[in-house]
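Participant: Residues 280 to 408 (the numbering used here) make up the sequence shown, in order.
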Amino acid sequence: MKRLLIVDDELAIVEALQDILSVEGYDIVTAFNGSEGLQRMAASRPDLVLLDLMMPVMDGREMLRRMRDDASLREIPVVVMSAGRISDEERRSSARFLAKPFELDVLLDTISELLGGKPPGSGGANGAH
């Protein structure tokens, strides 16, 4: 089972994504800031990270920078989710960028594509991007 780490400070978003992605067959780990996200990654390495940029304590930009500076974490794909703009460097450091609010189908297709195929328990991606 593929493990996803959701890092976002908005409880409603974390809970909604956790519910939806669990039903899709993913193992979900959550964190509410970048510092917690790095701790969760140390405890249970995810296959993919869904990362908000604007959070307290440690924002997503700093978490992403630390992941890319760590040889053991830099290959993990990161989907940056933000209502704001991202820099060219952040775009290059992430596997994908999804502007909030995003369509659920786009998120599911993005995750499936980055993990190399259909999620467990799914009919598969429809290929629309």
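Beta carbons are placed, not taken as given, at the ideal position from N, Cα and C, and that holds for glycine.
These numbers were taken from a predicted model, which means no experiment stands behind them.
#1: Okay, do the region 342-362 and the region 300-309 touch, 3+ Cβ pairs below 8 Å being the bar?
#2: Assuming the contact rule is C-beta atoms closer than 8 Å, residue 286 and residue 329 should be a hit. Round their C-beta distance to whole Å, please.
#3: If you scan the region 342-385 from start to end, which runs of the beta strand (DSSP E) of 3 or more residues do you find wholly inside it?
#4: So, with DSSP's three-state summary, where would you put residue 327?
#5: Taking 7 Å as the limit between beta carbons, can you name the residues of its chain near residue 319, skipping five residues before and five after?
#6: Please identify the residue among 343, 393, 324 whose C-alpha is closest to the C-alpha of residue 313.
#7: Between the Cα of residue 392 and those of 326, 379, 335, 338, spot the shortest distance and give me the residue it belongs to.
#8: Tell me the DSSP secondary structure of residue 338 in three-state form.
Facilitator: On the basis of the supplied data:
#1: no
#2: Confirmed, about 7 Å.
#3: 357-361, 375-378
#4: In this structure, DSSP gives residue 327 an extended state, which the three-state scheme calls strand.
#5: Within its own chain, the residues whose Cβ lies closer than 7 Å to the Cβ of residue 319, once the five positions on either side in sequence are excluded, are 284, 308, 310, listed in chain order.
#6: 343
#7: 326
#8: Under the three-state reduction of DSSP, residue 338 is assigned to coil, being neither helix nor strand.
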